[in-house]
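Student:
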Amino acid sequence: MKQSVLAFVGALLELRGVFYNASMSTPILATKLYLPPPRSKVVLRPRLIERLNEGLSAGRPPGVTLVSAPAGFGKTTLISEWVSARLKDEGGGMKEEDNLHPSTVAWLSLDEGDNDPSRFLTYLISAMQTIVPKIGERLLGGLQSPQPPPIETILTTLLNEITTIADNFILVLDDYHVVDSQPVDQALVFLVEHLPPQMQLVIASREDPPLPLARLRVRGQLTELRATDLRFTPAEAAEFLNRVMGLTLSAEAIAALEQRTEGWIAGLQLAALALSGTTATPGQGETTRFIESFTGSHHFVLDYLLEEVLQKQPETIQSFLLSTAILDRLCGPLCDAIVLDPGVPGQATLEYLEHANLFIVPLDNERQWYRYHRLFADLLRQRLRQAILDVAAHHLRASQWYDANGYMTEAFHHAIAAKDLARAADVAERAWPSMEGTFQTAAWLGWIKQLPEEVIRTRPLLGMQIGRAFSDAGEPETSERYLQDAERGLIDAADLAAFKPLPGTIALIRAYNAQVQGNVADTLKYAELAAQLIPEDDIYRRAQAAITLNFTHWVTGNLEAARRALEDWMTSMTRLGNHVFVVASAFAVADILIEQGRLREARQTYEQALQLAAKAGPEAEAITAHHQLGLALLQHELDNAEAFVQHWQQAADLGRQTTLVDWPYRWQVAQARVKASMGDFDVALDLLDEAQRVYVKNPVPDLRPVAALKTQVYLRQGRLSQAQAWVCECGLSVDDEPSYLHEFEYLTLARVLLAEPGVNALLTRLLRAAEAQNRTGSMLEILVTQALASRAQGNTPAALATLEHALTLAEPEGYVRIFVDEGEPMRLLLERMKAEGGKMKEYIHRLLAASGARQDIHPSSFIPQPLLVPLSPRELEVLRLIAQGLSNQEIADRLFLAVSTVKGYTRTIFDKLQVQRRTEAVARARELGLL
Amino acid sequence: MSHPSDSSQPVVYEIRIAGHLSSQWSEWFAGLTVTLDADGTTWLSGPVIDQAALYGLLKKVRDTGLTLIAVNQISSKQEHP
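Going down the list, the sequences are from chains A and B. Read in order, the letters of the first sequence are residues 1 to 931 in my numbering. Read in order, the letters of the second sequence are residues 932 to 1012 in my numbering.
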């Protein structure tokens, strides 16, 4: 159970996410999730709507709808018209031919920020939550952690939740072309390959996404609309120019425009704008001149048209467009702050632009936020560079407005664009606490990369924050470099009072870095320094210092001190009202109690935590999979089958929803342990391999490495050569001075080398260390190993004495599995004790009954009975020569041994294989896979 | 570590797009030279630092709604036609 204590460190890191999530929510840009409101006047495109509906029609498997075309082909407009119409249909009546009636639509407009897979998944889940409010809620917590779970794990959980949605729905990913990141592309592929039946995925993009499109086409799962489909037909162009844009053009003029623009909608719109403009109804002659010059020109159509359109606008509007082109999103007050011209009020101008079809897209129904059509914005920005003015001053004003309104990301980027580095650094400093709190450390470090070192060096606060960020990111060396910068900056700082908390925080970060690097001495040094420097009333930071001290105690095996520190921590967290922390800390306390051999207290601790979690709410309940698993393993140890099954089932259910990253690993290892108990060794080995695969690195070394766990299973199977291969690789020796951190590995080593010299001394040293620290759980494991070693060495009296010691310690707490799982050798020892009629008759009887039960469940006819005591390498060598038909004399010659020695080996081999004859020995060895 | 010596040198590329583009686009395309061809196409040419920069340029072509006709690498000695 040691690995679960260790995992607590990882869990604690996690919990900082839970802690912050409980107190503040992740900032989500709601405008990314809005279905663009339908326009008042559009060209109805029934032929395309029909094609889109076909993708949802009866008899077709749900799948992917891909709308793939360059900029300006009306992709977003078409999709938003289509889904809005479906939503309206839903109110009236459903189309009968549909087997899907998507009553709901989730919309996600992607942007460059979504190249970060965590952010992409956060928005994906948020988009889904617009349909099903609570969906993926627990996953969001995991995504905010410094080491988010693997993308596939998150998606699998999300997809499982999606399959429980009753209604069919459409998920739209707009502007997918901005994604330029393999992890996000892989996430999309995974999503498409595991598409739940109730979901239709709609992707709009300027380039084909990296999906297996050919396969989807063959399977009839792909509905495609491409540029040739989207371009306006002559009839659509006529409707657009004359009805939507309010022109009165002749059929020839329309045909000319349609031909010149090749039905490209953005081009037609610009042409129409150029034609409307100053004169309300352009004279036929003017129109003809325009169309002639337009078609005759070799200028790039768009370039030319934009010029025309801008010229037609009043100068104030021209300058408004150019000034605001630097913005990704616009709202009235923001435009006012940038344009600084009371004659052009922001809100009214935005509404005018929308009315004039000037490539502006409302982002919400309140007409608060807008953005320019991306193509138009690109062109305007290109103009801006040549046209005006002081672009930097515009960016500076944008930065100031965003800053004042709490949009720190935009404030930072505009400060950088304005080349105002001091301002950018200032924004970064002020943004840090909430960015760290919502686990946007990676994004924040992305900002920092844009700041030159000279700027950072003059700012001790920023230096400390960067140190902290790199520490969180698992880069202690880089972290230390910035901490030193911060300290140097402190020496030169004029106003020391402002930086008063810095030294304490720097010490805290150093303690954490030392812990990650496994440097116990430095961890203690800096944690104690931090505890001195941080004022009494700063409960949260003081508790962080305390918890670091506690873990250092624990890594050195000083469990009682570690547990006390944890309980202090829980007291202060209770004072802060943070029950999630208390619940999480409780399972670590319980795990330590188990290490101390105090099973009853451990059980109480788990159960109290579960009661507290039930009261504390879903965030606390989400992490109780660990408690249920702890209780299940505890009941397994006590051999209470019913209670075990009950907790195990709950752990499995909760585990599917848990957000803690170490869960998959713990779950696999626990399953392996139970399977090994049942004698399913091959399954146990597979589970351990899987455990290794899902293992997420955390700051403290793993106390029970998978390799050692596997070795113990090999021993139970009698596969000595595999076990010995581990001995060669592990680099441990029986002569080492063992530490608590490697106790389990040394015990494994002792089991492999059971009868070799040095093993007894090693076990004695391990026992002494465990006794000195009152670790009864460890003592039991060591005593059991000692008893088996003595038996293997033929010293039955010593084996029985050691076993009696173990039983005396184990009886009050009711241990069963620790003995029974040892199989036949232990059973024989227990029988012997029973026969000798000593103390604890009842307990021994119970253990023997449990051993019997195990054999009944797993008839040996299915699994070859493993060797009770494995063959030594020399015995194996002799056995192989026996199998080749060599006589004792021939074997003796071959191995340069005396015949009597060979006979001795042969006898031992026969004993271990429980056979009488050489032929039987060979047959049995083959059966066990030894030959 | 020995890389071919020319791998760090910018390579000259020419990108051919449909339509005539005015010379003010030169800056938009990271300083490439804009040359108008008599056949109604435009050549953008100049040194491109690496593959990432080249893809960045192609994305700009895509995002500006231009029609891409050809991309050629030309050796540094050979002059653009």
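Even for Gly, the Cβ is constructed at its ideal location relative to N, Cα and C.
Determine, for residue 66 of chain A, whether the minimum Cβ-Cβ distance to residues of chain B falls below 8 angstroms.
Tutor: Cβ-Cβ to chain B under 8 angstroms: no for residue 66 of chain A.
Student: Out of A:640, A:642 and A:670, state which residue places its alpha-carbon closest to the alpha-carbon of residue 652 of chain A.
Tutor: A:670
Student: If you follow the beta strand (DSSP E) that residue 1003 of chain B is part of, which residue opens it and which one closes it?
Tutor: 999 to 1005
Student: Pull out every residue of the stretch 386 to 404 of chain A whose Cβ sits closer than 7 angstroms to any Cβ of chain B, in chain order.
Tutor: 386
Student: Kindly indicate which three-state DSSP category residue 667 of chain A falls into: helix, strand or coil?
Tutor: helix
Student: If you drop the 5 nearest sequence neighbours on each side, which residues of the same chain put their C-beta closer than 8 angstroms to that of residue 298 of chain A?
Tutor: Residue confidence is low: residue 298 of chain A scores 47 on pLDDT, short of 50, so the model does not pin down where it sits. Its coordinate-derived value is still stated next. Within the same chain, residue 298 of chain A has no close Cβ partners at all.
Student: If you draw a straight line from the alpha carbon of residue 390 of chain A to that of residue 547 of chain A, how long is it in whole angstroms?
Tutor: 53 angstroms
Student: May I have the straight-line CA-CA distance separating residue 621 of chain A from residue 40 of chain A, to the nearest angstrom?
Tutor: Between residue 621 of chain A and residue 40 of chain A, the C-alpha separation is close to 48 angstroms.
Student: Taking contact to mean at least 3 C-beta pairs separated by less than 8 angstroms, is the stretch 57 to 74 of chain A in contact with the stretch 248 to 261 of chain A?
Tutor: The stretch 57 to 74 of chain A makes no contact with the stretch 248 to 261 of chain A; the number of CB pairs closer than 8 angstroms stays below 3.
Student: Who are the near neighbours of residue 667 of chain A in its chain, counting only those whose CB is closer than 6 angstroms to its CB and skipping five residues on each side?
Tutor: Cβ within range, chain order: 655.
Student: Using 10 angstroms around the beta-carbon of residue 452 of chain A, count the other beta-carbons present and answer buried if the total reaches 16, otherwise exposed.
Tutor: exposed
Student: Counting only Cβ pairs nearer than 7 angstroms, list the residues of chain A close to residue 955 of chain B.
Tutor: 386
Student: Give me the Cα-Cα distance between residue 810 of chain A and residue 122 of chain A, rounded to the nearest whole angstrom.
Tutor: 49 angstroms
Student: I want to verify the contact list: residues of chain A whose CB lies under 8 angstroms from the CB of residue 974 of chain B, in sequence order.
Tutor: Ordered by position in chain A, no residue passes the 8 angstroms Cβ test against residue 974 of chain B, which lies about 13 angstroms from the chain.
Student: Using a Cβ-Cβ cutoff of 9 angstroms, what residues of the stretch 974 to 1002 of chain B are near chain E? List them in chain order.
Tutor: As a matter of chain content, chain E is missing from the structure shown, whose protein chains are A and B.
Student: Measuring only between beta-carbons, confirm whether residue 292 of chain A sits less than 8 angstroms from chain B.
Tutor: no
Student: What is the DSSP secondary structure of residue 448 of chain A, counted as helix, strand or coil?
Tutor: Three-state DSSP puts residue 448 of chain A in a helix.
Student: Using only the alpha-carbon positions, how far apart do residue 858 of chain A and residue 715 of chain A sit?
Tutor: Its pLDDT being 35, under 50, residue 858 of chain A is placed unreliably by the model, and nothing is read from it.
Student: Assuming residue 606 of chain A and residue 627 of chain A form a contact by the criterion Cβ under 8 angstroms, report the distance between their Cβ atoms to the nearest whole angstrom.
Tutor: Indeed, because the Cβ distance is near 5 angstroms, the residues count as touching under 8 angstroms.
Student: By Cβ distance, which residues of its chain are closer than 6 angstroms to residue 672 of chain A, with the 5 residues on each side in sequence left out?
Tutor: 684, 687 and 688
Student: Helix, strand or coil: how does DSSP classify residue 392 of chain A here?
Tutor: Helix.
Student: Given residue 775 of chain A, which residues of its chain have a CB within under 7 angstroms of its CB, disregarding the five upstream and five downstream residues?
Tutor: 557, 559, 595 and 596
Student: Scan the stretch 201 to 212 of chain A for residues whose Cβ lies nearer than 9 angstroms to a Cβ of chain B and list them as they occur along the chain.
Tutor: 206 and 207
Student: Would you mind sorting residue 143 of chain A into buried or exposed? The rule is 16 or more other CB atoms within 10 Å of its CB.
Tutor: buried
Student: Buried or exposed for residue 472 of chain A, going by 16 or more other Cβ atoms inside 10 Å?
Tutor: Buried, because 16 or more other Cβ atoms sit within 10 Å of the Cβ of residue 472 of chain A.
Student: In angstroms, rounded to a whole number, what distance separates the CA positions of residue 942 of chain B and residue 344 of chain A?
Tutor: Whole-angstrom Cα-Cα distance: 47 angstroms.
Student: Who are the Cβ neighbours of residue 663 of chain A in its own chain at under 8 angstroms, not counting the five residues just before and after it?
Tutor: 625, 626 and 655
Student: How many whole angstroms separate the CB atoms of residue 508 of chain A and residue 541 of chain A, which I take to be in contact at a CB cut-off of 8 angstroms?
Tutor: 7 angstroms
Student: Using a Cβ cut-off of 7 angstroms, which residues of the stretch 72 to 89 of chain A contact any Cβ in chain B, in chain order?
Tutor: 72
Student: Put residue 855 of chain A into one of helix, strand or coil per three-state DSSP.
Tutor: With a pLDDT of 44 at residue 855 of chain A, under the threshold of 50, the modelled position of that residue is not reliable, and the figure given next carries that caveat. Helix at residue 855 of chain A.
Student: Following the continuous beta strand (DSSP E) through residue 949 of chain A, name the residue where it begins and the one where it ends.
Tutor: Given that chain A is displayed from residue 1 to residue 931, the structure contains no residue 949 of chain A and the question cannot be resolved.
Student: Assuming the contact rule is C-beta atoms closer than 8 angstroms, residue 68 of chain A and residue 226 of chain A should be a hit. Round their C-beta distance to whole Å, please.
Tutor: 6 angstroms
Student: So residue 378 of chain A packs on residue 995 of chain B, CB below 8 angstroms; how close in whole Å?
Tutor: Contact annotation, residue 378 of chain A with residue 995 of chain B: C-beta distance approximately 6 angstroms; criterion of less than 8 angstroms satisfied.
Student: Using 8 angstroms as the threshold, is the C-beta distance between residue 909 of chain A and residue 881 of chain A below it?
Tutor: no
Student: Would you say the stretch 914 to 931 of chain A touches the stretch 345 to 363 of chain A, given that touching needs at least three Cβ pairs under 8 angstroms?
Tutor: Contact between the stretch 914 to 931 of chain A and the stretch 345 to 363 of chain A is absent, because fewer than three Cβ pairs lie under 8 angstroms.
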